[in-house]
Structure formats: structure tokens, C-alpha cells
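Step one of this worksheet: look at the structure below.
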Amino acid sequence: MRLFLLSLLVGLSIARLDVLKPIVKRSPAAGRPASVGGGSDDQFGFSAVVHQLFEDSTGMSFSEIIDQTVIISGAPRGVYPGGLDLPLDYRACQRYTPAANCSAHNAMIMNYTDEQIIDCYRELRNGLVYSCPLSSGECSALASNDTVEGRYPFDSVGDYTDQCQTELKLGELFSIKNQKMGMTLFSNGSTFLACSPLLVNYLYLSDGSILSHHPSGRCVISGRNLQGFKSLTIDQCNVPDNGVSQHAYCLTGFNKPAIFNSGLVFGQPLWRIQGAAYYFSDPLQSPGSSVRYSRAQTSNFEQYFGYAVATGNLFNKTITNTIISAPIYHDDDAGKTLRERAFIYEDRSIETNIFVNGSSSGEYFGYTLATADLNGDGFDDLLVGAPMYSNFGSPIRTLLGRVYIFTAINNTLTLSKVLQGTEPGGQFGLSVEPIGDTNNDGYDDFAVSAPYEGNGFVYIYYGQEMDESGSIVNTTYQQRINGSAVASQVTDIPSVSSFGFSLSGGTDVDQNGYRDLVIGAYESQSVFVLRTIPVAITNISMTFNTEQVMLQDYDCVYQGNPVACFIATLCSQYEGKGLPSGFSANYTFEEVTGSGQAPRLMFQDGTTGSSIRGPVTYTGPGIPACYNITIFVSNTTISSDISDLLMRATILDIPTDTSPVNTNSVPVDFSASPDIRVSPVTEALQVSTQCGNDFICDSDLQLRISNVIYRKSDPNQLSSDQSQIVIGDTSFVDLIVSLTNVEEDAFNSYLVFDLTNTYFSSATSPNSSITCTLSSDNITQYTCTGIKSPLKSTDPPQIIAIRLTLISSIRGNEDPFDLVISAAIPEQQRNRENDTFLSDNSMRRSIAFAAVSSYTLNMFFIPNTYTYSGARPAALNNISSNLGDRLSLRVSLRNSGPSPYRGYLNIYIPARKPSETASNYYYYPVKLAGADNNLNCASNLNPNNYNTDNVQSSGLQGGAGRRRSRRNLSYLTPKHHNALRIRQTEEMETTFNLDCQATPMECMLIQCNVSLLASGSVISLEIIGFIDERFFQGQTTDYNLKAYVEGDINDGFTVTANSSRDSTANMMFVRMVQPTGGGTEGSFPYLYIIIPVVLAIIFIIILAIALYCLGFFKRRKKAKKEQEEMDPYEDDYNPNDDETKDSKEM
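In C-alpha cells:
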């Protein structure tokens, strides 16, 4: 959270104003009841300055400086808190005794009771000026028992007895209600000024009648010690001009005065409605002496001439110019064209024709003025605020605000740059304040506020030498100070608003040589002081104890290993103002590596590949602090190249304390933790190896592919064919590469090859040290790095395995792939390979593809023997009643791989001979079952169109049928028979053979296409059929039927190996002749079961009678009786009875 806040507050790293330790004061009226002057609307912070009570800080400690420094804040709507507890002399509402000789004033003077005095306080809102010591959290109202012309300087009405005049002189009476005391404050160290511009001056004639009562305004002024206040008024504001009272709208103290030599210039924007400006040559000694500036060639009213004033040396270093703005100035033409102008006066001349204009009507050009030497040429430049600037284009954006910057070129003020706010309503430029050279670069800087952008922002801009565009200001703000973020650092400030309404940057609070910035936020009754942290301008140098690093010179030992090394010496010193005699910081030293370049340096603390940091202790300005760093270079078996070692060193910023503060916090001393301003130093050190006198390694790499290994999906298993890629068997291809160097050392060698993604998905290396990566700009080119570096001529061949991963969509009909692999070294200044050596850097290897499949065909009948006898009932129109028993033919195709099977199956079924009648079949095929999506068959099954809805596969039948047929089939299980074996009750008269293998044209053909059968998979097909008993009725011939299936691969490229191309299945039909007097066809001999059962029952009855007659059962009864007589109670006792009884009693 603190780090986030730090980035939010500080913004850019070169910002100079500290925002983490602000000095903050808040109005004493905040949170107090209104009955004693409290409330949230006293406008504390409307204006604010820092005032120091000492003249010279030489020899003073930081704490002594803080003790004699105060923040003075105006509260234009404040009243003295405490009411009657204040000393009488300091009260604004006093008990006055009417003067007998001043009858004209009797009606104005009253004897107040205590309650009336309190009510008076609540009503007056005359304004206050608070003094807030930096060493204390309490703010108190600034008061003085000095009287200025019979009145107290800040609030009192005063003693009017001596002011009553007669004859032609006018009497005076001032109304302090809403006088806005504290609206304007000024301090230049030796002089303090506080003004109440709305103080009303009542002018009376001798007869007691009122001549005028307009806000003439008044300022009080004192020296450094805030004692001996005097009233500073303009004579012309207190006398009528030929009976005309327009002069009384002087509003003296409406704006901050400008210093002119030892005097001050004030603006009175409503003097005689036109406005004016007055110069006081010595306001502290002669506060009534003034000279009025006039405006040339104009007599128009309502120009607000004098709205803001500033002074500076714009054209001549010895002549001071006074700048006076007129933000609603307009020409004398009939249309009264609005110009919004600022006039420039030379020295104390009261006339001028020099001016600058704004660019947009209504922008209030000249709302604020300031001067500063932004480009460092010795002349002041002019800054003009226009906070009401609006952009009425598309879209309309109002009150953005602007600041115009003018510089003198050839004695003419020229517009150099315009800064513009970005947030509508922000009023950027409402306050513009020079803050001196905060970053110590020789150019003045300034602050611009936008108090209504959010809760208020203050922008810091740096001056600069005029650039090509003519700008003398860096238009990128160097710091954007967020009022809300600053307030969040203060624990007892709940919130902030209108942050930046007032700015004051003329005082160096901690006397470190830098101006600090006072920021008022009147809507939240708070004042913030942001101090400038001193800058230490630091330089740093880097030297080495050698001109080059020899990689083979193992002069040092790093973690037990001999390595090359060298010593870097860092030296740093600082200059700057406001700094102590010494302080501590840290340096950082790092190796600069390119993209993808491995680090080569190591340090004594074990740090590798990044940087090392250490402490720097400065003992005084200009005194070097030097440190030696021993640096190790990675061993030659690790080093990645011999390019120059590039190293950078710098001094780090001192860590910032981000802990919060409160309004009672004592300011911290920043002198021991200055901001570091340094330019990092970068130096290169040559790296060399034993490559001849020219230190250039001329290498000669030689590469060959020593072997190609084909591997299965488990890389530990080899494919069956080591000459080519076999689809389904090969998943990886390992290229075994041998790389040697026969000349001078080769650094950073690598392999490169193109790998089409049509065949391969990736390339890796089983070698742990080798990394293969795909090029970012070439989707097929791989680069393999990590080869021993340097690779010497004395090194054995480097054996590198490159593993290619095959994609899964390969079929086997692809053309051979030619792989070209090459060895190379990076283009380096001191490592190269002569073109004449490149012929043996590459090698080509062709990789072939093949598909090989081994498959097996099987066929069998279920059952494979059928015995027929007896007569057949009349035929019905369904299969099981019209035909005979069920008979299925099974066909299976197994692919043993390794490649997929793509081919056909031809199945020949011995249904009938072509010479048989159309209605008679030996075997009637009905339908196919068991086929999958990869098997597509075309056939002419069920030629008579019998109903096959209830015909199921795997020996199951449904629907009506002969009980005998279903019962007999239920006992059948599929068995593979190679031959037919039948027992006959009579010898066969003849045997008929139908062999579909020998005469396939006499059989029914089923043609099937196999689109894909993966390795290790089986396709099973069942041809469901029935015996046509109508044909066999009355036959005495045995029929031997032989089915036949053949298959093969027909994709044109798959090779078959160890395949079975066909298979047969035999079926024997046997005629059985029953003996004379035999039972019904197919009847079961139930007597064979019934007779043995009856005989067994008779035997059991006879055995039971015999045992009874022998007395077997009587002896058992007698033994039981004797037992009962021996223990008559034994059978009566039941241990559960006691439990039952107990339970009942309970």
C-alpha cells in the first residue's frame, strides 16, 4: 500500500517537492461550535505564506530554524474563537462610551452586553489572520495591541473620539463586517502584509451626512517581528474627487502586491470603476506615499485594470518592469472588442504602450501574473494565467484554463508556449507561482494549480533552454501533486478540496537553498507546505585493472573453480547546496546483456547474471569515494560468447520514509537524505581468448548426421523398421548429429534447420544442455543452442540428438522429407568462420514414410451342423414359421497393424445353386448385424421380403416361431469348427457340396468397404439367416455348404505383411430317419425321466416302513422320556424368564 501511495504521489522520479512528509495546519475553528466562532466556513487557507522571524540563519540548527518559522494563513470569514475570553483590547465587538463631542456618531456606537458581543462575533465574520508555528500544532489568531490611527490592526473599530472632526474635514468610520481580513497575505522575510479589501469606509461631511460608504479596503504592514503594525491606505481612496465617490471602490489589498526595489506595487481593479495600480516606495516607513500607474490611450470603464500585478526584468537586467493586468479590457470601438490585456511598464514610468493580449474572450487572461527566468538567460520571462479559458469547439469543454508564457526576443515579448488544462471545470492557471530552481539545473521552475480538478491538483513545470519549437518550458509536467493523495498522508485531515486555490513559493522553510511551496485549500480549512528536498549532483566513474580479459587466464577461484577475473574500481563524488558535510547512499554495478544473451559475470557474494550493490559513504562535497569490486568471468566451459563485456554503474536514490504525519508532527530534516541526481556510467571491457595475435577466432565447424533412429510412442522402444517412418509404429525420429571444430575456438555455436509442420509438430533435444526453439519470425525454422562454448579443436566431437515429433494425421502416402541441418556461429566482432570453411557445415538426410498393415480374416457358422427329420407344417408369412431353425454366419477382420487398414471384404454365402427354384434355399440370409461406421456393405439379403423386425443378432430370436427351434437354439454357443463331424442313424445315400471358394459365381455376394480400421482393432459382422426346411423336406441327401470371405487393402500405398486374405466356413445338413413306431418329430422321451422318479419314490416309502417295523422310532421316544424323569425341571427353566419377570416388576 505504501509503495502504491509513493508512486501515486511522487509520479516521475525527478520530482523535487516532497509529498510524503508535508507540513500541515488546520483552522482552529474546524470542529468547534459556532457560538464561540467555530464552523467549517471560515475559509482558512484562502491565502497563506511562510514567515521567518530571523534575519540570518547562519549558525542556526534545523530545530532552531523551525522554532522561529510560522505559517500565516488568512481566514477571510473567520471570527475570534473564544468570544468573551479574549482580552478586551483584542475584541472586535467592544463596549464603547459615546463621545459628547462627536454627536454625529452617537447612533453608531452602542453599549453591548456580553450576549450581544457573542452575537456580534457570529454576525461580523470580519476575518482573521492565524499564526501557526512549525514547532507546534496550535494556530492562534494574529493580534496586536498596537493601534493604527486609533484602530487595532486586524479587527477593532477603535476609539472614535479622536476621529470626530468638524469644519470641512471629513470624519471616518469603518465597517469591518465581512471586510475579508486575511484575503491577501504577503511576506518577503523583512515585511509582512495582511489586507482586508472589503473594509467599508464611511465618509461623512461636517454636518454628519454620509458622503459615501464603499469598500476602499485596507492593509496592515509590519516588519519581520510582526510588531508595530501600520495601516497602509491609498490617499485617493479616502477623499472624494469633485464630489464623485467612485474612487472609493479601491479594494486595496484585493491581490498580492509585487516587489519593486524596496517598495510594493498594489492593484486596485475598481478604482473609479476603471481600476488602477499604485506604487509605494517605502510602505513600512511611509505607508501613505504612493504613485499611480495609468493606462495609455484608454478611458473605458470596467476594465479591472490592476486585477493582478507583477514585476521583473524582462528586457534589461538593470531596469525593472511592472506588469499590470486588465482581464476584461476592451477597445474604445463601438463594439467594445474584448482584448484581455496585460500592460508592461518600464521602471517607474506611469505610461506605457507595451502590452500582451490573450487569445480567447472570457478566459480571464491576467487573472494571475508571475515572472521567472525559465531559460536561464538572465532575463525574466512572463507567465499569465487564464483560468476561465474554455474550448467551445466539439465537444464543448468549459473552464479548462490556460497559462501563457512570454519571453523577450529582440526587446519584444513573444509567446513561447501555452499550457492548457485537461479537465473541464479544473480552472488550470488559477494560481501561478515561481518556485526557483528546484532541480538545480540552472533554470527556474514554477507551479500551476487547478484547484477544481477533482479535489485539486498542483502541477510542477521545469524551465529549459529554448528548444526548436521556441518553448522555454518543458511542456511535460515533472510532478502532478494530487491533493487527495497528499491529505491521505495526514492522519488528522479527513479530506481536502480546492487544493491549490492559493500558492506561495517565496520562502525557503528549512534554509537549504531551495524554495518551498505553500498550498492553500480553503474549502477544507487547511494549508500544506511541501518542501523541496535538496539535490546531490553526483558523478560516477568506472575503471578496470586490465585492458582485456583473457578467458584462459584462470587467475581467481570462484566457489572452488578456477576462473578468469578482473577488478572494477568505482569512484563517486557530489556537489550541491543545502547538503550536509557527508551522507550515505548505495551504488549498483550490473552487467548489460543483450536480448537472449546469458550473463557471464559473477561476484564475490555469489550474485550472478544481474547486479551487485554496495554502500557509498560521502565525507564531503567534491571528495571522491572509491570502491574496488572483484568480478569473475564464467568458466570457458560455460561462457556463451567473446563479445565485449558491457557494464553499467550508478548511485541509487536514498530510500524514502513513507510513514504518515499529522498536524502536530515536527518537520523532519531532509539534509541527510538528499535526492541523487546522477548519470549512470557504462564501460566496455574486451574479452579475448587464445585465437592468435589478432584476437579473432577463425573457426571451422564440421557437421554430419551420424545416425537416424526411429522410435515408438514410448521413446525407449525402437520402431520395428529402422529404415523409414512406419505409420502407426513410429512417433519420434532422432537425428544424431556430430559436430566438431578443426580450427580456432568457436563461441556460441548453434544448429539450425527448417522443419515443415506438415509432417512434424515440434523439435526438441534429449540432451539436457541443448535447447531448441522456434524462430519468432519463421514458423518452420528451429535453432538449437547450448553447445559447448568455446568449442576447441582439441575437444572430442559433440554428439547432439535432435528429436522430431511426428504429427498424428500422417497416412503414409507422403513424399520423402529432405531435412537439411546446419551448424553456425553468431556474427561477432572477434569470432567468425571463413566462407571457404562453410561447405562442411550442413548435411542433408531424406526421411521416407510407409504404411504397413497385417490383418486376419475369420468366418464360421453358428451352429455348424444341422440335423433334420420329420414333416413340416403349412407355411405362414413369417420367417420362423415359414422357414426352419436360425443359422448365423460370423465374419471378423482383425488388423494387427501397425498401420491402419483401408480396403474391402467380399463375402460369398452358399444360399442356393442357380439351378434351384427361386423359392427354395438351403440357407436363407435375412440381415446384417454388428457393422460399425467404418464398414459399409451392399447386399441382396432377404430376397423374399420376410418380416425381419423381431430378428436379433447373437442367437436371440423374438416373435412367434416353433418352440422346438427356439429351444434348440438357446443351447447353442458360438464355437469355431474347422471341420464337420456328424453321427448318423443311417448311412447317407449321397452328399451334395456347394463350395463358394471354388465356385463363387454360384453363391450370394455381400460386398463391404472398410474405410478405416486402426491397428489392434477388430470388425465383426454377423449375417443372420434361417434353414429353409421346405427344401430339405423329403430329402435323403446330406448337404455340405462352404461359405467364403476374401479381403485386401486397396488404398494404393499401404503394404500388407503376414496377412490372411480369405477364410471359409463349412455347414453340414444331415437327414435323420426315425425307427418304425417312433414318436413325433422332435419329441422328447419324457418316460426316461418319469419312470426313474417313480421308482425312487417307491423305494423311499418301503425303506421308511421297514425302519418303523424294526422299532427305530420307538427307541428314540423312550430315551427322551428317561431324560425328562432324571431332570424334570430342565425343560421348564428358561433363563429369559427371570429377565421377563424383572422387567414386569419394574
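Mapped onto mature numbering (1 follows the signal peptide of the UniProt record, and there is no 0), the consecutive letters of the sequence shown carry residue numbers -15 to -1, 1 to 1131.
From the three backbone atoms N, C-alpha and C, an ideal C-beta is built for every residue, glycine too.
Beta-bridge pairing of residue i - partner residues as DSSP gives them
| i | result |
| --- | --- |
| V663 | T523 |
| P910 | G1010 |
| D719 | I694 and R788 |
| P600 | N571 |
| residue 1137 | Any property of residue 1137 remains undetermined from this structure, which presents the chain solely from -15 to 1131. |
| T397 | I394 |
| A33 | S58 |
| P811 | Per DSSP, none; premise fails for P811. |
| W995 | The question names Trp, but residue 995 in the sequence shown is Val. Paired residues: G888 and L920. |
| Q766 | D739 |
| E668 | M632 |
| N978 | N1025 |
| G248 | F245 |
Exposure label - residue i; buried when at least 16 CB within 10 Å
| i | result |
| --- | --- |
| Y1029 | buried |
| G63 | buried |
| S487 | buried |
| A1091 | exposed |
| L5 | buried |
| Q270 | exposed |
| L1095 | exposed |
| K580 | The amino acid at residue 580 is misidentified as Lys; the sequence shows Ser. The residue is exposed, with fewer than 16 neighbouring Cβ atoms inside 10 Å. |
| G208 | exposed |
| G370 | buried |
| K302 | exposed |
Simplified DSSP assignment, three categories, for residue i
| i | result |
| --- | --- |
| A126 | strand |
| residue 1166 | With the chain covering -15 to 1131 only, the question about residue 1166 has no answer from this structure. |
| R500 | coil |
| Y889 | strand |
| S469 | helix |
| Y507 | helix |
| I313 | coil |
| R257 | helix |
| L1080 | helix |
| L1088 | helix |
| L747 | As written in the sequence, residue 747 is Ser, which differs from the Leu given in the question. In the structure shown, S747 sits in a strand (DSSP, three-state: E or B). |
| L954 | In this prediction, L954 scores a pLDDT of 25, lower than 50, which makes its location untrustworthy; no coordinate-derived value is stated. |
| residue 1134 | Because the chain here runs from -15 to 1131, residue 1134 falls outside it and cannot be looked at. |
| L776 | strand |
| S824 | helix |
| Y292 | coil |
| I616 | strand |
| F364 | coil |
| S1016 | A small fix is needed here, since residue 1016 is Phe in this sequence, not Ser. In the structure shown, F1016 sits in a helix (DSSP, three-state: H, G or I). |
| I795 | coil |
| Y1093 | helix |
| I1074 | helix |
| V494 | coil |
On the three-pair Cβ rule with 8 Å, is the stretch 754 to 771 touching the stretch 793 to 802?
-> no
Does the stretch 570 to 582 come close enough to the stretch 636 to 650 to have 3 or more Cβ pairs within less than 8 Å?
-> Yes, since at least three Cβ pairs between the stretch 570 to 582 and the stretch 636 to 650 fall closer than 8 Å, the two stretches touch.
Do the stretch 452 to 464 and the stretch 473 to 491 touch if we need at least three Cβ pairs shorter than 8 Å?
-> Between the stretch 452 to 464 and the stretch 473 to 491 there are fewer than three C-beta pairs closer than 8 Å, too few to call the two in contact.
With a cut-off of 8 Å, do at least 3 Cβ pairs link the stretch 458 to 466 to the stretch 436 to 450?
-> yes
Using 8 Å as the Cβ pair cut-off and three pairs as the minimum, do the stretch 701 to 719 and the stretch 730 to 742 touch?
-> no
So, do the stretch 801 to 820 and the stretch 738 to 746 have three or more beta carbon pairs nearer to each other than 8 Å?
-> yes
At a cut of 8 Å, does the stretch 241 to 261 reach the stretch 169 to 182 through at least three beta carbon pairs?
-> With a cut-off of 8 Å, the stretch 169 to 182 and the stretch 241 to 261 count as touching, because enough Cβ pairs lie within range.
Can you give, in chain order, each stretch of the beta strand (DSSP E) that sits fully within the stretch 367 to 442 and has at least 3 residues?
-> 387 to 394, 397 to 405, 417 to 421 and 430 to 435
Would you check if the stretch 992 to 1012 and the stretch 1073 to 1083 touch, i.e. whether three or more CB-CB distances between them fall below 8 Å?
-> no
Indicate whether the contact test is met: 3 or more Cβ pairs, each with one atom in the stretch 551 to 570 and one in the stretch 645 to 663, closer than 8 Å.
-> As far as the Cβ criterion goes, the stretch 551 to 570 touches the stretch 645 to 663, which means the pair count is three or higher.
Counting pairs of Cβ atoms below 8 Å between the stretch 21 to 37 and the stretch 492 to 499, do you hit three or more?
-> yes
Report the residue ranges of all beta strand (DSSP E) runs contained in full by the stretch 530 to 570; include only those spanning at least 3 residues, in chain order.
-> 533 to 535, 541 to 543 and 546 to 560
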